[in-house]
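Asks: Next up is a structure, given as structure tokens.
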Amino acid sequence: MLFILSSIAFLDRTNISVAGVQMREEYGLDQVHLGWVFSAFLVGYAAFQVPAGWLAGRIGPRRVLAMGVVWWGVFTALTALVSPMLGAVLPQLVLVRFLLGAGEAVVYPAGNQFVSQWIPAQERGKANGWIFAGVGMGAGLTPPLVTAIILWGGWRASFFVCALLGVAAGGIWYLAARDRPEDHPGMSSAELAHIRAGLPASGAGRHVATPWGLILSNRNVWALFTSYFAFGYVVWLFFSWFFIYLAEARHVDLKSSALYSMLPFIAMTVCCLAGGMVNDAVARRHGLFWGRCGIAVVAFILTAAFLVAGAAATDTTVAVLILAGGAGATYLAQSSFWSVTADFAAPHTGVVSGFMNMGCQIGGAITASLTPWIAAQFGWTAAFGTAAGFATVGAVAWLFVDPAKPLIRPGGMHSGAMSAPAGA
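Under our numbering, think of the first position of the sequence shown as 380, with each following residue one higher.
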């Protein structure tokens with residue numbers, strides 16, 4: 380169910396990248412102002428990450444996710460109801476997309492709080508691989524699905540369909556999910572024992588006071604924030620501008636753009652699942668540092684290389700394939716981010732992962748607005764090269780993460796902010 384919610388969340392947030400071509404023509408927006416609309420979503424998304432994580436820890440991820448899905452379904456539909464008759468279009472779009480982002484902010488902090496309470500540590504790589512494979516699935520389905528709906532009923536119809544899908548999935552989630560394994564009617568005693576044996580001694584899921592000072596002074600937290608900022612800058616270049624890049628820089632027609640645009644997201648889905656499995660396998664054999672951090676470092680280095688090579692390619696098909704490789708390589712690291720927060724943050728997983736994800740969305744908001752400016756001033760090769768530079772920063776930041784150092788040790792002691800990473 381978290382895979383499905385993740386897929387629909389990205390369908391609802393990236394449909395505007397495809398519909399944006401028609402919206403620009405109807406509303407007379409240029410690329411820079413459309414970038415502001417893209418960024419508005421990410422600003423709202425970033426601003427509510429920590430509150431979403433805190434709320435999931437207080438009232439449980441089941442209710443938080445259900446409420447969030449209904450909220451973002453409403454504002455997905457309202458995107459299509461923006462009208463010049465109500466005043467200036469740009470402020471309307473910015474406000475609606477900001478509030479859509481605020482609603483979608485609950486998805487991954489609440490989902491990771493759920494993981495910390497349900498998934499044994501040795502299985503979190505695979506679990507997060509599945510959850511974030513939904514990102515690639517949703518974003519990959521967006522170009523052909525939204526294009527088909529636009530050709531059938533216009534760009535507004537695409538937002539109404541996406542909204543209905545989200546609300547339906549949220550209702551199913553609420554009926555099927557429970558906050559704790561022991562509360563689920565389908566839970567067997569053997570499965571419950573297996574889950575409990577793999578959870579940290581600190582006991583994720585207890586309602587304890589949030590140690591804000593420890594969180595904000597912890598080196599793991601800031602290293603992950605920095606690396607996820609870089610991650611967000613790279614991936615939102617694909618989510619917000621790749622379809623338009625193909626249409627306007629590579630001069631690919633609408634239907635071909637929809638097919639080409641699927642490739643990076645197919646690569647994300649496959650590599651996210653593969654990264655999760657490799658993550659757990661390496662962690663079992665060589666320890667958490669190499670399983671979580673080592674995989675992430677390699678992923679970011681590969682990303683930087685693919686982005687530079689793909690942007691420089693002259694043939695469109697070759698360029699798309701190489702750039703898709705860069706998108707996929709980035710997602711080899713996705714499971715590491717969310718597994719490691721559950722590893723060391725325990726009952727505070729929702730807040731810590733929300734803070735980390737705020738970094739990702741800030742990076743995404745910057746690329747959504749900065750990329751068209753760089754492309755206009757210096758060309759698309761420079762735009763992808765800038766993303767490659769951020770990917771390199773992301774690789775370095777992972778060297779400062781120690782997944783084996785808990786935020787709060789059993790007994791209530793906190794981990795030192797300056798301890799060296801295990802195995803580094």
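For every residue, glycine included, the Cβ atom is placed at its ideal position computed from N, Cα and C.
The alpha helix (DSSP H) spanning residue 593 covers which residue range?
Replies: Counting along the chain, the alpha helix (DSSP H) containing residue 593 begins and ends at 591-596.
Asks: What three-state label does DSSP hand residue 498 in the structure shown?
Replies: coil
Asks: If you drop the 5 nearest sequence neighbours on each side, which residues of the same chain put their C-beta closer than 6 Å to that of residue 409?
Replies: none
Asks: For the alpha helix (DSSP H) containing residue 436, list its first residue and its last residue.
Replies: 428-438
Asks: May I ask which residues mark the beginning and end of the alpha helix (DSSP H) holding residue 628?
Replies: Run containing residue 628: none; DSSP gives neither H nor E here.
Asks: Just to confirm my understanding: we take residue 551, look at its own chain, exclude 5 residues before and 5 after, and list those with CB closer than 6 Å. What are they?
Replies: none
Asks: Pull up the CB-CB distance for residue 507 and residue 728, whole angstroms please, since I reckon it's below 8 Å.
Replies: That belief does not hold up - the Cβ atoms of residue 507 and residue 728 are roughly 12 Å apart, past 8 Å.
Asks: With H, G and I counted as helix, E and B as strand and the rest as coil, what does DSSP make of residue 484?
Replies: coil
Asks: Going by the CB atoms, is the gap between residue 504 and residue 658 shorter than 8 Å?
Replies: yes
Asks: Would you kindly work out how many angstroms separate the C-alpha atoms of residue 753 and residue 764, rounded to a whole number?
Replies: 10 Å
Asks: State the Cα-Cα distance for the pair residue 519 and residue 525, rounded to the nearest angstrom.
Replies: 11 Å
Asks: Would you kindly work out how many angstroms separate the C-alpha atoms of residue 774 and residue 782, rounded to a whole number?
Replies: 16 Å
Asks: Check whether the Cβ atoms of residue 777 and residue 602 sit closer than 8 Å, and answer yes or no.
Replies: Yes, Cβ-Cβ distance for residue 777 and residue 602 is below 8 Å.
Asks: Using a Cβ-Cβ cutoff of less than 8 Å, which residues in the same chain neighbour residue 618 once the five nearest sequence positions on both sides are dropped?
Replies: 389, 392, 393, 396, 518 and 743
Asks: Taking only three categories from DSSP, how would you classify residue 779?
Replies: coil
Asks: Is any non-hydrogen atom of the ligand ZN found closer than 7 Å to the C-beta of residue 775, if you look at the structure I gave you?
Replies: As presented, the structure is devoid of all ligands, the ligand ZN included, so that no description of it is given.
Asks: Tell me whether residue 799 is buried or exposed, calling it buried when 16 or more other Cβ atoms sit within 10 Å of its Cβ.
Replies: Reliability fails at residue 799, whose pLDDT of 37 lies under 50, so the model's placement of it is uncertain and the value that follows must be treated cautiously. Classification for residue 799: exposed.
Asks: For residue 546, which of helix, strand or coil comes out of DSSP?
Replies: Three-state DSSP puts residue 546 in a helix.
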